[in-house]
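J.: After the structure tokens below, expect a handful of questions from me.
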Amino acid sequence: MTTAVDFWFDPLCPWAWMASRWMLEVEKVRDVRTTFHVMSLAVLNSGRDVPDDYQKMMDLEAWIGVRACIVVEQRYGSAALRDFYTALGTLYHLGQAPKTPETVRAALIEAGLDEAIADEAQTDKYDDAVHASHHEGMDPVGMDVGTPVIRVNGMSLFGPVISPAPKGDAAGDLFDGFVKVTAYSGFFELKRTRTVDPIFD
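So in the numbering used here, spot 34 of the sequence shown is number 193, and the numbers just go up one at a time.
Right, dumping it as structure tokens:
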């Protein structure tokens with residue numbers, strides 16, 4: 160039986176991107192299907208005391224990507240969101256493209272979607288849907304974590320935070336372990352100091 164995995168991401172986050180590429184690799188070696196959903200770092204950090212440079216990033220860069228993602232999901236469905244996230248994340252993280260409407264438009268075109276969504280994503284028209292998707296993913300894990308959030312068999316955890324994303328059997332092995340710790344309702348945290356930045360290759 161195929162294992163359903165739900166994955167919440169903000170396209171701005173390089174760690175969510177790393178974990179998303181891991182999940183796509185897992186699908187090659189395990190009977191797993193990943194459905195992607197939107198969370199928002201801007202929503203998560205609203206009203207918090209964060210460093211000025213981080214707040215500037217939230218104000219200027221965070222909304223355009225999540226708004227575009229939620230419009231794509233609502234208009235075209237989860238499969239299209241999956242493809243759009245790959246196109247946008249590739250530009251953001253591998254291409255180091257600016258988080259602008261022009262970059263969003265290029266990703267929409269790459270994914271074969273309506274490029275006018277880049278204009279809609281500059282409005283707050285879909286913000287209620289962003290908030291709803293965000294809380295669906297984040298409420299089960301609490302607000303003191305970020306993205307990614309992964310739900311397997313009805314149980315959710317933040318993470319994993321990985322670099323680089325494992326491939327082949329190593330990806331499957333890590334997933335097997337993730338499922339096991341997620342299954343125990345009393346499991347809350349494993350952590351060690353991060354010593355590398357995102358390694359995208």
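The beta carbon of each residue, even a glycine, is placed where N, CA and C say it ideally should be.
Kindly give me the distance between the Cβ atoms of F168 and P307, rounded to whole angstroms, as I take these residues to be in contact under 8 Å.
T.: Here residue 168 corresponds to residue number 9 of the sequence shown, with the count starting at 1. Here residue 307 corresponds to residue number 148 of the sequence shown, with the count starting at 1. Yes, F168 and P307 are in contact; Cβ-Cβ is about 6 Å, under 8 Å.
J.: Are the CB atoms of A265 and F243 nearer to each other than 8 Å?
T.: Walking along the sequence shown from the start, residue 265 turns up at place 106. Walking along the sequence shown from the start, residue 243 turns up at place 84. No, the Cβ-Cβ distance between A265 and F243 is not below 8 Å.
J.: Between which two residues does the alpha helix (DSSP H) containing H132 stretch?
T.: No statement about residue 132 is possible, as the shown extent of the chain runs from 160 to 360 and does not include it.
J.: State yes or no: is the C-beta of G224 within less than 8 Å of the C-beta of P170?
T.: Against the sequence shown, residue 224 aligns to sequence position 65. Against the sequence shown, residue 170 aligns to sequence position 11. Yes.
J.: List the whole-angstrom C-beta distance separating P325 from W176, where the pair is believed to meet the contact cut-off of C-beta under 8 Å.
T.: Mapped onto the sequence shown, residue 325 falls at position 166. Mapped onto the sequence shown, residue 176 falls at position 17. About 15 Å separates the two Cβ atoms, so there is no contact after all.
J.: Suppose you measure from the CA of M314 to the CA of F195; what does that come to, to the nearest Å?
T.: On the sequence shown, residue 314 is found 155 positions in, with the first residue counted as 1. On the sequence shown, residue 195 is found 36 positions in, with the first residue counted as 1. Their backbone Cα atoms lie some 16 Å apart in a straight line.
J.: Tell me the DSSP bridge mates of S315?
T.: One-based indexing of the sequence shown puts residue 315 at position 156. In the DSSP output, where bridge partners are listed per residue, S315 has R310.
J.: Using 8 Å for Cβ pairs, my map puts A270 next to A246. What's the rounded Cβ distance?
T.: Looking up residue 270 in the sequence shown gives position 111. Looking up residue 246 in the sequence shown gives position 87. Right, the Cβ-Cβ distance comes to about 5 Å (below 8 Å), so this counts as a contact.
J.: Per DSSP, what kind of secondary structure is R234 in: helix, strand or coil?
T.: By one-based count along the sequence shown, residue 234 stands at place 75. Correct three-state label for R234: helix.
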